[in-house]
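> First, the structure itself, so that you have it in front of you.
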Amino acid sequence: MRLPAFTQTIRFRLTIWYSSLLLVFGVAFVVALNVAVRLDRPQVVLFDTLHVPDIEWQPVQAAPESSVNGFVPVVSPGVIVQEAEAQIRSQNLDRLQTWSLGAVLALALASGVGGYIISGVMLRPIRDITQVASEISATNLARRIGYQGPEDELKRLADTFDSMIARLEDAFERQRRFVQDASHELRTPLAAIRASIEVAEMEAELTPEEYRELLETVKAQTERLTRLSEDLLLLTAHEGAELECEPVALCRLAEVVLREMEPLARRRGVALEADVPPGLAALAHPNHLHRSLMNLVDNAIKYGADGGRVVIGARREGIEAVLWVQDFGPGIPKEAQPRVFDRFYRVDRGRSRREGGSGLGLAIVAELVRAMGGEVRLHSQPGHGATFEIRLPAANEA
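Quick note, in the numbering used here, the sequence shown goes up one by one and the last residue is 398.
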């Protein structure tokens with residue numbers, strides 16, 4: 001036999017437990033009360049103090065015309081009173097037992113109804129959570145419980161659920177933008193490659209120089225696709241991960257990056273400088289800190305002032321090692337600064353495309369530094385350049 005659905009709810013179980021407990025205590029109270037009354041019956045001494053005899057046997061003389069003679073019992077008033085008291089006491093005990101049992105049953109019934117109503121009120125946040133959860137989908141994360149009530153466990157549960165949904169909504173929104181931006185970024189080089197191939201197919205008499213230009217275009221766009229795919233793989237590989245870190249000497253790291261970025265800086269007429277004190281080290285992943293610093297220097301060279309300079313510096317602040325890259329270009333507008341670490345975000349889209357950037361450089365820096373237990377900060381005043389800081393736990397140089 002299958003029980004009704006409502007009997008499977010927490011509300012019903014709470015009601016049963018509450019009512020059963022109250023019923024057990026009520027029955028125990030009634031039993032104890034009746035036992036105590038029966039064991040402690042008072043002795044009525046109203047007539048005992050008057051020394052009224054119980055029963056006397058007296059001779060009775062029959063009427064003259066009767067031939068019967070003998071004795072008949074004569075009941076005294078004391079016996080009558082005692083028997084009446086016993087009957088009244090027994091009736092009172094019976095009534096007490098009946099009424100007390102009736103009161104217990106009524107109390108159990110009332111507690112069941114009241115407990116069911118009260119448990120429904122107390123469990124309303126859980127019911128609301130269930131309702132909201134059933135209405136949530138990947139395209140509809142705007143629902144919230146918004147529970148108003150005392151700061152108890154249920155209120156904290158409802159608030160925690162709302163916070164979780166808010167985080168999910170933000171994550172889905174970022175994922176949606178990421179897919180849209182990635183699709184757009186992939187479509188541009190693919191369209192350029194396709195156009196070059198179509199030109200080669202339609203133009204039957206292309207000169208070797210024109211063929212070379214088409215091949216250079218295809219090669220450049222292919223390289224752009226390769227960089228974009230590598231950047232996407234790097235981002236997804238370390239998203240939410242924590243890396244194993246070790247002491248990294250910042251002075252040696254700066255020297256390596258300066259040497260690797262020198263050709264690009266020379267083509268732009270940008271002077272590279274280093275201001276890193278020896279002996280300063282940070283607790284980091286060597287390869288990922290190297291990639292982060294490369295991205296920052298590359299960004300400073302491309303978007304700083306042509307013919308200017310880029311400085312790599314480091315300092316220690318308390319328990320942190322701060323590695324920074326400064327350019328002296330036009331700077332970053334204040335309204336754009338909160339979004340510079342977003343994926344595919346570009347302050348100047350036209351210039352970024354000319355430079356061949358994927359729009360993921362700073363996003364990769366932020367993700368890698370976060371995975372190393374640090375953070376990236378931006379300081380910029382429009383017209384006075386920009387400074388990016390990588391803050392990591394300081395360490396003794398290995």
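Even for Gly, the Cβ is constructed at its ideal location relative to N, Cα and C.
Closer than 8 Å is the cut-off here; do at least three beta carbon pairs connect the segment 161 to 175 with the segment 136 to 152?
yes
> Report, in whole angstroms, the separation of the C-beta atoms of D306 and G269, which I expect to be a contact under 8 Å.
6 Å
> Please classify V322 as buried or exposed, where buried requires at least 16 other C-beta atoms within 10 Å of its C-beta.
buried
> Would you say V104 and G26 are within 8 Å of each other, going by their C-beta atoms?
yes
> For N396, list the residues DSSP reports as bridge partners.
L280
> So, helix, strand or coil for F172, using DSSP?
helix
> Roughly how many angstroms lie between the CA atoms of L253 and I301, to the nearest whole one?
18 Å
> Which residues in the same chain as R315 place their Cβ atom closer than 7 Å to its Cβ, once the five residues preceding and following it in sequence are excluded?
V322
> Is V31 helix, strand or coil by DSSP?
V31: helix per DSSP, three-state reduction.
> Figure out for me which residue from L233, R391, S137 and W17 has the closest Cα to the Cα of A282.
Sorting L233, R391, S137 and W17 by C-alpha distance to the C-alpha of A282 places R391 at the top.
> Any contact of the segment 254 to 265 with the segment 209 to 222, i.e. 3+ C-beta pairs under 8 Å?
no
> Between which two residues does the beta strand (DSSP E) holding P247 run?
E246 to A249
> Could you have a look at H285 and say whether DSSP puts it in helix, strand or coil?
coil
> Of the residues V297, F388 and L362, which one's Cα is nearest the Cα of P263?
V297
> Since L323 sits in a beta bridge, which residues does DSSP pair it with?
A314 and I390
> Between the C-alpha atoms of A195 and S229, what's the straight-line distance to the nearest angstrom?
21 Å
> Take the Cβ of F388 as the centre, count every other Cβ of all protein chains shown within 10 Å, and call the residue buried at 16 or more, exposed below.
buried
> Below 8 Å on the Cβ atoms is my contact criterion, and I expect E320 with P393 to pass it. Report the Cβ-Cβ distance as a whole number of Å.
7 Å
> Any chance the CB of V24 is under 7 Å from a heavy atom of the ligand HEM?
Only the bare structure without any ligand can be found here, which leaves the ligand HEM out of the picture.
> Could you tell me how far apart the beta carbons of L250 and L280 are, in whole angstroms, since I believe they sit closer than 8 Å?
5 Å
> Just the C-alpha distance for L206 and I364, rounded to the nearest angstrom, thanks.
Taken atom to atom, the span from the alpha-carbon of L206 to that of I364 is near 42 Å.
> At 4 residues or longer, what runs of the alpha helix (DSSP H) sit wholly inside the segment 119 to 199?
124 to 135
> For the alpha helix (DSSP H) that contains R370, what are its first and last residues?
G361 to A371
> Evaluate D152 with the Cβ neighbour count: other Cβ atoms within 10 Å of its Cβ, from every protein chain shown; 16 or more gives buried, anything less gives exposed.
exposed
> What first and last residue would you give for the beta strand (DSSP E) that runs through D275?
According to the DSSP assignment, D275 belongs to the beta strand (DSSP E) that extends over A271 to D275.
> Please list the terminal residues of the continuous beta strand (DSSP E) segment that includes E375.
That run of the beta strand (DSSP E) goes E375 to S380.
> Helix or strand or just coil, what does DSSP make of R309?
If DSSP states are grouped into helix, strand and coil, R309 belongs with the strands.
> Under 8 Å, do A386 and L378 count as touching if we go by C-beta distance?
Taking 8 Å as the Cβ cut-off, A386 and L378 qualify as a contacting pair.
> Quick one: is F161 buried, meaning 16 or more other Cβ sit within 10 Å of its Cβ, or exposed?
Buried, because 16 or more other Cβ atoms sit within 10 Å of the Cβ of F161.
> With a cut-off of 8 Å, do at least 3 Cβ pairs link the segment 332 to 345 to the segment 172 to 183?
yes
> I need the straight-line Cα distance from Y18 to G146, nearest angstrom please.
29 Å
> Can you tell me which of the three DSSP states I332 falls into?
Of the three classes helix, strand and coil, the one that applies to I332 here is coil, per DSSP.
> Measuring alpha carbon to alpha carbon, tell me which of K155, M294, A395 and T188 ends up nearest E317.
Nearest Cα to E317 within the set K155, M294, A395 and T188: A395.
> Taking the CB atoms as reference points, tell me whether A108 and L33 lie closer together than 8 Å.
Contact check for A108 against L33 fails: the beta carbons are separated by 8 Å or more.
> On a CA-only basis, which of S292, L14, A284 and R95 is nearest V121? Give me that one, please.
L14
> For M294, which option in S20, S119, L362 and Q91 has the closest C-alpha, if you only look at C-alpha atoms?
Here the closest residue by C-alpha is L362.
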